[in-house]
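Protein chains in written order, with numbering that gives the first Met the number 0: chain R, 0 to 450; chain Y, 0 to 450; chain C, 0 to 450; chain S, 0 to 450. Data block below; observations after.
4 protein chains.
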Amino acid sequence: MKADLAVRGGTVVTPGGAVRADVGIADGKIVAIGTDVRGKREIDASGRIVLPGAIDAHVHMELPVRGDRSSDDFLSGTIAAAHGGVTTIVDFSVGSPETRLPEEIEARLETAAKSVIDFTLHGEVVGWRPGSEREFAEAVGLGVRTFKFYTAYSRSGRMSDDGVLYAAFSAISRLGGTAMVHAENDAIINALTDGLARRGELAMESLPKARPAICEEEAIARVALIARRTGVRLRIAHISSADGLDAARAARFDGTRLIAETCPHYLLLDEGVYARVDAHLYAAMPPLRTPLDNAALWDGIEDGTIDMVVTDHCPFTRAQKRWTGSFLDLPYGLPGVETLLPLMYSAGVATGRITVERLAELVSSGPARALRIHPRKGAIAIGSDADLVIIDPEKEMVIAADALHMNCDFSPYAGMRVTGWPVVTISRGAVIVEDGKFVGTTGRGEFVPQG
Amino acid sequence: MKADLAVRGGTVVTPGGAVRADVGIADGKIVAIGTDVRGKREIDASGRIVLPGAIDAHVHMELPVRGDRSSDDFLSGTIAAAHGGVTTIVDFSVGSPETRLPEEIEARLETAAKSVIDFTLHGEVVGWRPGSEREFAEAVGLGVRTFKFYTAYSRSGRMSDDGVLYAAFSAISRLGGTAMVHAENDAIINALTDGLARRGELAMESLPKARPAICEEEAIARVALIARRTGVRLRIAHISSADGLDAARAARFDGTRLIAETCPHYLLLDEGVYARVDAHLYAAMPPLRTPLDNAALWDGIEDGTIDMVVTDHCPFTRAQKRWTGSFLDLPYGLPGVETLLPLMYSAGVATGRITVERLAELVSSGPARALRIHPRKGAIAIGSDADLVIIDPEKEMVIAADALHMNCDFSPYAGMRVTGWPVVTISRGAVIVEDGKFVGTTGRGEFVPQG
Amino acid sequence: MKADLAVRGGTVVTPGGAVRADVGIADGKIVAIGTDVRGKREIDASGRIVLPGAIDAHVHMELPVRGDRSSDDFLSGTIAAAHGGVTTIVDFSVGSPETRLPEEIEARLETAAKSVIDFTLHGEVVGWRPGSEREFAEAVGLGVRTFKFYTAYSRSGRMSDDGVLYAAFSAISRLGGTAMVHAENDAIINALTDGLARRGELAMESLPKARPAICEEEAIARVALIARRTGVRLRIAHISSADGLDAARAARFDGTRLIAETCPHYLLLDEGVYARVDAHLYAAMPPLRTPLDNAALWDGIEDGTIDMVVTDHCPFTRAQKRWTGSFLDLPYGLPGVETLLPLMYSAGVATGRITVERLAELVSSGPARALRIHPRKGAIAIGSDADLVIIDPEKEMVIAADALHMNCDFSPYAGMRVTGWPVVTISRGAVIVEDGKFVGTTGRGEFVPQG
Amino acid sequence: MKADLAVRGGTVVTPGGAVRADVGIADGKIVAIGTDVRGKREIDASGRIVLPGAIDAHVHMELPVRGDRSSDDFLSGTIAAAHGGVTTIVDFSVGSPETRLPEEIEARLETAAKSVIDFTLHGEVVGWRPGSEREFAEAVGLGVRTFKFYTAYSRSGRMSDDGVLYAAFSAISRLGGTAMVHAENDAIINALTDGLARRGELAMESLPKARPAICEEEAIARVALIARRTGVRLRIAHISSADGLDAARAARFDGTRLIAETCPHYLLLDEGVYARVDAHLYAAMPPLRTPLDNAALWDGIEDGTIDMVVTDHCPFTRAQKRWTGSFLDLPYGLPGVETLLPLMYSAGVATGRITVERLAELVSSGPARALRIHPRKGAIAIGSDADLVIIDPEKEMVIAADALHMNCDFSPYAGMRVTGWPVVTISRGAVIVEDGKFVGTTGRGEFVPQG
């Protein structure tokens with residue numbers, strides 16, 4: 000048996016554990032895992048780790064925000080992703096009260112067509128009203144089964160109130176879909192923010208006071224109750240706090256079918272950065288929390304409460320994030336898609352906190368299962384798409400924005416020393432990054448329908 | 000020692016238990032409890048039960064609703080109360096975004112001045128904004144320490160959102176006050192109601208579908224979390240459902256300082272009445288539930304989860320409740336202040352479900368403690384106000400609206416046979432009801448400051 | 000009305016709260032509480048606090064232990080109790096595999112006949128076997144309704160295994176009685192003790208290692224489950240640890256009808272004393288715990304988890320507690336009946352931690368209710384036994400064994416400064432302690448049947 | 000690449016999901032999974048399901064009981080296992096107070112040497128005393144890391160009391176091992192059994208009364224608390240009841256590292272069989288429960304609470320189980336190793352309750368992980384032992400003892416119609432069952448050390 004491409008001699012992280020094996024690829028699929036697999040082209044992976052390509056299941060490329068856009072488009076963003084070992088991204092359709100969800104999905108698919116890696120979409124639900132349940136069914140027909148809701152952001156019109164959630168969750172439950180929620184209590188945030196504004200306390204150091212952990216805890220508990228009563232599968236986006244994690248854990252114990260996300264910045268950064276002179280660059284929602292919250296989230300990673308790590312990649316350049324004296328004027332979001340895998344490998348695997356198998360769950364098979372695109376994606380298994388990343392576990396790097404490929408002139412992790420770095424990225428059998436260079440082609444990425 | 004008035008030979012329900020004793024009264028206070036107490040006037044209570052006067056801690060007299068008013072004013076309503084053995088009512092100031100809470104309290108005190116029994120007020124909070132914390136302090140100065148919030152009724156402008164609750168609870172916590180909440184999820188109710196309206200399903204039989212128990216359960220869980228995190232004492236108004244009761248119980252276990260109310264109609268009536276031709280007369284919020292909910296609430300009464308039974312008295316006549324074909328057009332509320340004690344005695348004590356001491360807790364000392372007016376009110380104890388009701392435990396009655404004194408031409412309990420009826424009511428030492436007649440005077444009621 | 004005795008002008012702690020009142024007594028009963036009560040004899044209590052006499056609901060007078068006896072007999076012990084404001088004690092029948100419970104109760108009643116204050120008994124269950132359920136019914140006929148079990152002490156033959164508990168709890172549940180349990184895990188204690196013995200670690204400092212808190216926590220959780228499934232009312236003796244208290248709290252939430260005791264030594268002393276040269280004098284079971292456990296138990300007192308404070312009075316003199324080098328050779332128990340009320344008043348009320356009303360619940364009405372002897376005992380109420388203690392809240396004392404009346408030549412609280420001291424004790428209308436002297440008579444105490 | 004053996008064209012259940020693939024085997028290991036794998040010998044698996052060989056992780060071959068032995072020895076039992084698609088069994092060393100655990104393991108390994116499939120052992124702990132912790136370390140050196148305790152069976156000397164558990168769990172925790180517990184409350188069982196014996200109620204219909212679910216629930220809660228406090232990983236054997244399952248679920252929520260087993264007979268049979276004339280054949284411990292318990296256990300399988308299904312295979316023939324009129328005289332245990340996979344496939348997969356991937360977890364990868372022999376065992380993955388079973392999903396069978404190969408003349412499932420049956424079994428690359436015939440050799444099975 001001669002494959003098109005063989006990755007030979009690496010430590011291959013299969014669903015059944017890490018094994019020393021060769022991986023054979025033909026027609027973009029994995030066709031062999033074995034001990035003597037040869038290919039027309041062969042890559043020597045000895046001494047290296049072969050992971051299923053990472054899936055960054057929560058990103059925002061060229062996201063329209065207040066007349067501006069997040070600074071990576073689907074081209075620059077997916078090239079950067081590829082450099083970081085990410086072979087699939089999950090972005091969002093752009094919801095609006097004026098348009099229907101199926102149209103929004105189709106429009107976004109066009110925008111995403113220039114991607115260099117595969118992608119799928121969550122359907123963002125904005126301005127939806129009970130009575131429009133059919134939109135979800137049409138979205139499912141388009142291959143989108145996870146629908147994103149916000150319990151916050153009433154002031155920018157993105158919030159869904161509990162009545163919307165109750166109706167929408169019921170409909171999505173009947174379709175076998177997943178409701179994904181940005182869970183923060185809108186009204187408390189608004190009241191606290193207004194109070195800070197009245198008192199002129201709008202420096203970055205006040206940001207945590209505007210969105211304390213109770214906002215996340217309350218909203219998670221609430222949407223979990225609604226999910227439980229409607230029977231829908233619930234995905235909680237970017238859990239940031241110990242209290243939020245506890246609410247998720249308790250909800251699951253009470254019978255909620257709950258999927259939990261967190262992000263590298265909630266694991267590795269804390270509110271201490273808000274005292275820095277460039278604090279405004281770290282503006283994200285929910286805000287960064289305390290070191291105790293970091294530790295609680297790592298516990299959640301170790302004990303299985305957290306199902307996946309995503310980046311919520313939403314970069315804005317220094318120019319876009321210009322500081323005006325008020326955190327209310329900032330665009331929110333951090334660059335991250337390229338550093339997901341190196342950071343989690345270095346802080347998780349290299350330190351001994353988690354195994355390489357658990358890493359694969361957190362950044363690849365976990366998201367794939369949640370999206371119901373497993374085992375096409377997220378697994379080194381026969382018949383799966385040949386999306387692979389080869390990591391050199393010895394390679395040390397110091398994070399620096401100018402060595403990265405995201406269209407962003409800073410990194411929140413700048414100066415952090417990491418151990419382990421992706422050196423080859425393969426997407427559906429094609430080597431797209433090697434020797435530090437992107438060698439793929441624009442638009443080669445395909446939409447992955449959720450099944 | 001010769002008292003002004005002695006009630007002799009009855010079974011007296013003191014805080015220490017029911018004892019055979021005489022009660023001596025002078026200057027409106029209880030001055031003696033003993034075995035040979037004589038008075039200038041003496042009432043023979045042998046064979047009868049002497050309870051502390053009932054406190055109906057949740058009533059709405061002459062409540063302005065949509066250009067109309069509930070049909071009892073403070074005169075007719077308190078006369079009816081006196082007939083039913085109630086010696087203190089707790090009404091509400093009438094909140095408005097245009098006026099300040101202290102003014103609202105003062106205005107309501109004027110309206111209430113015609114009362115024939117004592118009264119105190121909860122401060123209704125409507126249209127309040129964070130930043131006006133001082134209003135609570137001023138209200139405390141006026142003797143009002145419990146503040147009423149609605150999580151529902153956004154459409155009539157009465158809802159407080161979670162941001163208001165968080166700020167207000169924090170302020171009330173610092174003042175040592177109590178937050179009282181009508182807890183139902185507004186947005187779910189609105190969405191379900193709109194759905195029913197779209198489908199033309201606005202007959203009374205649809206009312207429970209507009210406000211299912213999850214609305215109560217969710218809101219109780221949410222306000223309890225906010226109360227727990229702000230440290231405030233929380234009173235949940237009129238719990239109507241098993242799920243709501245469970246949420247209250249769980250919140251208390253988690254450390255919430257929680258006081259739980261229910262009402263006779265949630266114990267004795269169920270949604271079956273919505274199939275009746277006069278179903279619209281039973282319009283109340285929350286709606287009546289199922290027999291399983293009745294049973295769960297009785298369990299809550301027996302196991303101590305429920306702290307008090309109140310009536311939420313808010314009568315509207317048949318004319319006012321004229322049926323137009325839609326439950327949205329109705330004024331909501333039921334008459335009840337006069338039947339509180341007889342119903343609870345008959346359904347609770349006469350059936351053996353609860354002791355007469357537990358009855359006294361539920362309708363007298365419980366509310367008094369919650370209001371911090373105990374032991375001035377709510378106790379047959381030395382120094383307490385001489386508010387007494389004498390019950391004839393043998394007297395049987397069939398409830399009929401025209402035999403009652405509330406200004407309402409129907410009773411939700413009409414036709415119900417009860418055992419035990421109040422025969423003498425004494426308010427601050429004055430006999431105000433005897434031989435079935437009111438013998439007190441207009442305006443004799445006094446405001447009771449909460450301490 | 001002229002009573003036999005009137006206690007005038009004190010702050011009287013009635014079940015309805017503390018009021019300024021006179022208390023009139025005739026024929027050993029309270030016959031009047033009022034503002035102008037006169038008596039043939041009158042005691043001026045102005046500036047003082049009049050409490051219902053304390054009930055020490057867990058004491059061991061002249062308890063046979065290893066051929067010896069605890070050093071107070073029913074005469075010396077009850078005289079000391081009277082000095083400390085205790086007007087009722089609850090001791091235990093002495094169980095044995097050879098004798099039947101009813102006989103044991105009758106024998107113990109004879110021994111107790113010399114008491115100077117009233118008393119009742121718990122029935123100690125030792126050597127009982129399923130099949131002998133009738134013994135409980137006979138005990139109930141004798142006025143004993145609470146039955147004491149040990150989950151520990153298998154080596155002295157006192158342990159009841161879970162099979163006994165299951166059968167006995169079922170029988171007691173049917174009789175409406177209460178199961179009282181010394182809850183510690185026997186087998187873990189034995190294993191740990193044997194380990195310490197093997198290693199020669201039998202100094203007092205090792206005692207906590209022989210009986211860590213998990214022993215209490217596990218046993219409470221276990222007996223609570225058995226109680227819950229059999230429906231019996233469960234009283235947990237002398238809770239000593241935070242973990243044990245948490246187990247009790249959780250059991251109650253799960254529906255167990257649970258009554259919780261603690262003792263002054265678990266509130267006021269900690270394992271630090273085991274480093275003292277006279278550490279062996281502090282030998283008690285369960286052992287003293289840490290300051291964090293003290294704090295948790297005070298929280299349990301404040302939040303209502305703890306229902307009563309008892310002393311587990313079981314004194315042994317220095318001679319009896321002679322130190323041999325091994326904690327295994329000691330008789331266990333501490334003197335305490337005389338200091339119960341002063342310590343709890345001083346550490347609880349004088350410090351502001353609890354109100355005087357809560358004190359009355361913890362040491363008088365709480366135990367009386369648990370025993371079902373309320374309101375005959377445990378209340379200043381009409382018709383109740385005239386058991387009163389008058390406390391001088393200003394009186395300061397330093398605890399010293401030789402100023403106390405227990406037959407014990409040390410006090411674990413020696414040197415502790417207390418504020419507030421009992422100055423007059425009245426038992427069934429008779430003044431038995433005044434001016435620091437006992438003025439009652441031997442054998443005047445009566446057995447109080449539990450009803 | 001030409002393998003020794005290729006299984007071609009089947010639906011292969013890999014850890015990453017079921018895929019259509021060929022499996023290549025060389026030197027007893029899986030060396031290739033792919034689309035065009037050829038071998039010297041090839042087996043056509045088209046239309047069939049290729050599972051990792053089942054691991055029956057709880058069996059008792061030739062178990063000495065009361066002078067008798069369970070009727071399968073390691074030869075007959077493993078041949079039967081092979082027929083049923085089981086490629087690894089986990090038996091137990093035979094504990095005794097007279098011998099040391101390492102000796103017991105070595106002796107049992109000799110007995111097991113005749114096995115035709117691979118095997119490993121749990122170390123049965125009987126008569127162990129605190130102080131002998133070194134025995135566990137030696138056992139680990141021999142490749143045994145799971146240690147089996149009984150909380151019941153004090154009368155046959157097999158019980159470990161809580162002191163033993165506390166000491167042993169602490170030691171095993173330090174070694175990174177697993178404590179496995181047969182969890183039933185001994186003393187309650189004994190008391191209830193004695194009561195039944197006294198009353199002469201020893202027919203099979205009384206068996207459930209001797210061992211009600213509270214026995215299992217209590218023991219699980221208790222050992223879980225001890226496990227939690229000692230940090231040990233805990234495996235609960237053969238959960239039989241809804242209450243027991245709830246206790247396991249709650250313990251896990253509280254932080255216990257808990258692995259849960261159940262058995263086919265608790266899923267498929269209920270206490271109704273105890274009314275049959277051959278009821279005694281169904282004697283097992285814990286006893287069969289109710290249909291509600293069956294349903295709760297299936298829920299536990301579906302929601303992930305149950306980690307594995309094992310048989311507790313312990314056959315006795317009709318002659319051995321001769322009925323004497325008392326359930327006390329019976330040997331306990333059921334035959335099952337051969338029917339594990341067909342029953343779970345038929346009742347689980349064929350009915351649609353679970354996926355074939357979940358089946359592989361329950362009977363293969365779950366046990367392998369619990370034993371730390373994964374991925375050597377329990378996975379179709381590169382480098383894993385080539386233990387495979389090929390199931391014909393269309394094959395229908397009616398269970399009948401004489402068509403099975405266990406040395407037992409009845410089956411508890413006789414007459415049950417099943418869909419799906421194992422047709423080829425491969426052990427370390429050798430076909431050992433095909434065409435309904437065993438074609439392996441005695442003693443070819445190897446011991447699998449736990450790592």
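We put the CB at the ideal spot given by N, CA and C, even for glycine. Computed from a predicted model, the values in this text were never measured in an experiment.
**Request:** Check distances from the C-beta atoms of the stretch 220-248 of chain C to those of chain S and list, in chain order, the residues that come in under 8 angstroms.
**Result:** Ala220, Arg221, Leu224, Ile225 and Arg228
**Asked** Gly130 of chain Y touches chain R at which residues, Cβ-Cβ below 9 angstroms?
**Response** Asp193, Gly194 and Arg197
**Request:** Return the residue from the list S:Leu257, S:Arg321, S:Gly254 and S:Ala212 that minimises the CA-CA distance to Asp242 of chain S.
**Result:** S:Ala212
**Request:** Determine which residues of the stretch 110-143 of chain C have a Cβ less than 9 angstroms from any Cβ of chain S, and write them out in chain order.
**Result:** Arg128, Pro129 and Gly130
**Prompt:** Would you say Gly382 of chain S faces chain R, with C-beta separation under 8 angstroms as the test?
**Reply:** yes
**Request:** Kindly list, in the order they appear in chain C, the residues whose Cβ is closer than 9 angstroms to that of Ala295 of chain S.
**Result:** Within 9 angstroms Cβ-Cβ: nothing; Ala295 of chain S doesn't reach chain C, min ~17 angstroms.
**Asked** To which residues does DSSP link Gly38 of chain R through a beta bridge?
**Response** R:Ala2
**Request:** Give the residues from the stretch 156-183 of chain C that approach chain S closer than 7 angstroms (Cβ to any Cβ), ordered along the chain.
**Result:** Asp160, Asp161, Gly162, Val163, Tyr165 and Ala166
**Request:** Report the rounded CA-to-CA distance for Trp420 of chain Y versus Gly175 of chain C, giving the unit in angstroms.
**Result:** 32 angstroms
**Request:** Along the beta strand (DSSP E) that carries Asp117 of chain Y, what are the first and last residues, could you check?
**Result:** Asp117 to Glu123
**Message:** Distance cutoff 8 angstroms, beta carbons only. Does His373 of chain C sit that close to anything in chain Y?
**Reply:** yes
**Residue-level contact to chain S via CB, Ala186 of chain C, 8 angstroms cutoff** = yes
**Message:** Counting only Cβ pairs nearer than 8 angstroms, list the residues of chain C close to Glu217 of chain S.
**Reply:** Asp161, Arg221, Leu224 and Ile225
**Asked** By Cβ distance, which residues of its chain are closer than 7 angstroms to Val139 of chain Y, with the 5 residues on each side in sequence left out?
**Response** Leu174 and Gly176
**Asked** Over what stretch of residues does the beta strand (DSSP E) that includes Asp292 of chain C continue unbroken?
**Response** Note, Asp292 of chain C: premise wrong, no beta strand (DSSP E); alpha helix (DSSP H) at Pro290 to Asp302.
**Message:** For a cutoff of 8 angstroms on Cβ pairs, would you count Val276 of chain C as touching chain Y?
**Reply:** no
**Asked** Going along chain R, which residues have a C-beta under 7 angstroms from Ala190 of chain Y?
**Response** Pro129, Gly162, Val163, Tyr165 and Ala166
**Prompt:** Between Met405 of chain C and Glu270 of chain C, what straight-line distance do the alpha-carbon atoms span, to the nearest angstrom?
**Reply:** 24 angstroms
**Request:** Hey, could you find the ends of the alpha helix (DSSP H) Gly194 of chain R is sitting in?
**Result:** Asp185 to Arg197
**Message:** Going by the DSSP bridge assignment, what does Ser240 of chain R pair with across the sheet?
**Reply:** Answer by DSSP bridge pairing: none, since Ser240 of chain R is not bridged.
**Item:** Test: Ile213 of chain R CB closer than 8 angstroms to a CB of chain Y
**Value:** yes
**Request:** Can you tell me which of the three DSSP states Glu102 of chain R falls into?
**Result:** helix
**Prompt:** What residue ranges within the stretch 145-184 of chain S form continuous beta strand (DSSP E) runs of no fewer than 3 residues, ordered along the chain?
**Reply:** 145-149 and 177-181
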